[in-house]
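Asks:
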Amino acid sequence: MTVQAQPLRTVAGIVNSVETLEGAGFLVRRPFPKSSFSEFDPFLLLDELGPIDLKPNQAKGAPDHPHRGFETVTYILDGRLEHQDSEGHTGHLNPGDVQWMTAGAGVVHSEMPEAEFTRTGGRLHGIQLWVNLPQRDKMIPPRYQEIPAAQIPVAQTEDGSVTVRVIAGEALDTKAVIKTRTPIVYLHFTLQPGATIVQSVPQEYNAFAYVLEGSGLFGTAQERGEDGQMIIFAQDGEDVTIANAADAQQPLDLLLIAGVPLNEPVVRYGPFVMNTKAEIIQAIDDYRNGRMGKIHA
Ligand code: MN
Numbered sequence: 002m003t004v005q006a007q008p009l010r011t012v013a014g015i016v017n018s019v020e021t022l023e024g025a026g027f028l029v030r031r032p033f034p035k036s037s038f039s040e041f042d043p044f045l046l047l048d049e050l051g052p053i054d055l056k057p058n059q060a061k062g063a064p065d066h067p068h069r070g071f072e073t074v075t076y077i078l079d080g081r082l083e084h085q086d087s088e089g090h091t092g093h094l095n096p097g098d099v100q101w102m103t104a105g106a107g108v109v110h111s112e113m114p115e116a117e118f119t120r121t122g123g124r125l126h127g128i129q130l131w132v133n134l135p136q137r138d139k140m141i142p143p144r145y146q147e148i149p150a151a152q153i154p155v156a157q158t159e160d161g162s163v164t165v166r167v168i169a170g171e172a173l174d175t176k177a178v179i180k181t182r183t184p185i186v187y188l189h190f191t192l193q194p195g196a197t198i199v200q201s202v203p204q205e206y207n208a209f210a211y212v213l214e215g216s217g218l219f220g221t222a223q224e225r226g227e228d229g230q231m232i233i234f235a236q237d238g239e240d241v242t243i244a245n246a247a248d249a250q251q252p253l254d255l256l257l258i259a260g261v262p263l264n265e266p267v268v269r270y271g272p273f274v275m276n277t278k279a280e281i282i283q284a285i286d287d288y289r290n291g292r293m294g295k296i297h298a
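If you read the sequence shown in this note's numbering, its first letter stands for residue 2, the second for the next number, and so on.
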């Protein structure tokens, strides 16, 4: 008998989010990191901010803080954020916009609700992903990519049952416009009831789904994953299968995120993620002495 590679990935585990306060005190749902699950190489963190309906002047953000050694990827679904950083970038993030910030050697930035949005209140919903940088890239000059919703490629199946917004990688023969340092897949799928997708993700990639809304059936065994859960796929095949049950009451909205593991030591301390403890001490020293710059309003 010939043993053939299994092309379909199974589900390796389903992870619940924990609720935690970030920045000036806004609530996020976070599948990782937590004590039992510190990273999912090359990913360091996933936060879902909201969805929350804010009253006027209730919105809180993350005032000036540094990053070194990785990338922050912010995807806004509802509401509006303002970004400023020590490299002189000023950004306004509206629904559907993506900001891919490569902190590299160091950036100080602020991530705040936009002033007018804060005044009026409204629904806020966003996702932040931290993508680790390989050792060779940790001290590169910072890079800032801000891609408005209109420039994010969108594809749909012929029957209209599946829509995908291609933030990184490729899906339904549609390629992303964002440039990543290491190969990353970041897809936002919406599946109508009864729809199924089979998305190819090379076997060497670590892959997971995160459910934004609804409930789906994942992998070969059709395991159920729901709103706020992270579904980890095993590295036992290429194709990821996800379905929204035919009798579902709502569309299934999810992110499919994957990347090639770096397999390097990870030493993290708050906003700094390096390979050694000495590099962390250096990062703290560089920040305290102003060598990551500051925001010039
Ligand atoms: Mn930040």
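No residue lacks a Cβ here, since even glycine has one placed at the ideal position from N, Cα and C.
These numbers come from a predicted model, not from an experiment.
Taking the straight line between their C-alpha atoms, what separation do you get for Ser37 and Ile232?
Replies: Roughly 16 Å between the two C-alpha positions.
Asks: Can you tell me whether Gly271 is buried or exposed? The criterion is at least 16 other CB atoms within 10 Å of its CB, across all chains shown.
Replies: Burial call: exposed.
Asks: So, is Ile141 buried or exposed, given that buried needs 16 or more other C-beta atoms within 10 angstroms?
Replies: Its Cβ having fewer than 16 others within 10 Å, Ile141 is exposed.
Asks: Entirely within the region 118-186 and at least 3 residues each: give me those beta strand (DSSP E) ranges in chain order.
Replies: Within the region 118-186, the complete beta strand (DSSP E) runs of at least 3 residues are 123-133, 144-148, 155-157, 163-169.
Asks: Pick out whichever of Glu117, Phe44, Gln100 has its Cα sitting closest to the Cα of His110.
Replies: The option with the nearest alpha carbon to His110 is Gln100.
Asks: Could you compute how far the alpha carbon of Pro143 sits from the alpha carbon of Pro32?
Replies: So the two alpha carbons sit approximately 27 Å from each other.
Asks: Is Gly210 helix, strand or coil when you go by DSSP?
Replies: Reading off the sequence shown, one finds Ala at residue 210, where the question assumed Gly. Of the three classes helix, strand and coil, the one that applies to Ala210 here is strand, per DSSP.
Asks: Contact check, Asp287 vs Met293 under 8 Å by CB: the rounded distance?
Replies: So it is a contact: roughly 6 Å between Cβ atoms.
Asks: Using 8 Å as the Cβ pair cut-off and three pairs as the minimum, do the region 79-96 and the region 116-134 touch?
Replies: With a cut-off of 8 Å, the region 116-134 and the region 79-96 count as touching, because enough Cβ pairs lie within range.
Asks: Could you pull the DSSP bridge partners for Lys35 from this structure?
Replies: Lys35 pairs with Phe38.
Asks: Within a Cβ cutoff of 6 Å, which residues of the same chain sit near His68, ignoring the five residues on either side of it in sequence?
Replies: For His68, where only same-chain residues beyond five positions count, the Cβ hits under 6 Å are Ala104, Val108, Pro272.
Asks: Spatial neighbours of Pro8 within its chain, please: CB distance less than 8 Å, with the 5 preceding and 5 following residues excluded, ordered by chain position.
Replies: These residues qualify, in order along the chain: Gly238, Glu239, Asp240.
Asks: At which residues does the beta strand (DSSP E) containing Asp254 begin and terminate?
Replies: Its beta strand (DSSP E) spans residues 253-260.
Asks: On the three-state DSSP scale, how would you describe Glu280?
Replies: The answer is helix: DSSP assigns Glu280 an H, G or I state.
Asks: In whole angstroms, what separates the C-alpha of Glu171 from that of Glu147?
Replies: Roughly 19 Å between the two C-alpha positions.
Asks: Run the CB neighbour count on Leu47, radius 10 Å, all protein chains shown included, and call it buried at 16 or more, exposed below.
Replies: So Leu47 ends up on the buried side.
Asks: Given this structure, state the Cα-to-Cα distance separating Phe27 from Ala208, to the nearest angstrom.
Replies: Using only the alpha carbons, I get a separation of about 28 Å.
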